[in-house]
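See structure below.
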Amino acid sequence: MTAPAAPAPAITFDDFLKLDIRVGRIVQADPFPEARKPAIKLRVDFGDPIGVRKSSAQITAHYSPDALVGRQVLAVVNFPPRQIGKFLSEVLVLGVPDAEGEVVLIAPDLPVPEGGRLY
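When the letters of the sequence shown are read in order and numbered with the numbering used here, they come out as residues 5 to 123.
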């Protein structure tokens, strides 16, 4: 079992507002065998004006590419893109660790419009 991390230092509400966390729908998911750690390449639709963005996610313990298409997820959309091998990851899909430290995706518990911002 992985122990939870200590709380991060306090931030202001303005600091929180700098993070742009949006809901998107996974429209494509493909294996990423060339990644150093097992991962899945995602294309996530955030609706207008953001559109479809790419992400590499280390989520293979609980998810298969076929099971991900159509799911809603939360992601940080305003980090700079990050090169992962030959793949450019444009957003950070969010999750939390299970008891073994494997990623469990974060999603709304009811359907919501794509592009909705977390507040």
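In this text, a Cβ means the ideal position worked out from N, Cα and C, and glycines have one as well.
Considering only the beta carbon of each residue, do L122 and I25 sit closer than 8 angstroms? yes
With distances taken from CA atoms, which of L96, Q76, L92 is nearest E118?
Q76
Minimum C-alpha distance to N82 - residue among D70, A71, L96, K90: L96
Worksheet item: Does the separation of the CB atoms of G120 and V27 fall below 8 angstroms?
Response: yes
Classify S131: buried if its beta carbon has 16 or more other beta carbons within 10 angstroms, exposed otherwise.
Since the first residue of the chain shown is 5 and the last is 123, residue 131 is not available in this structure.
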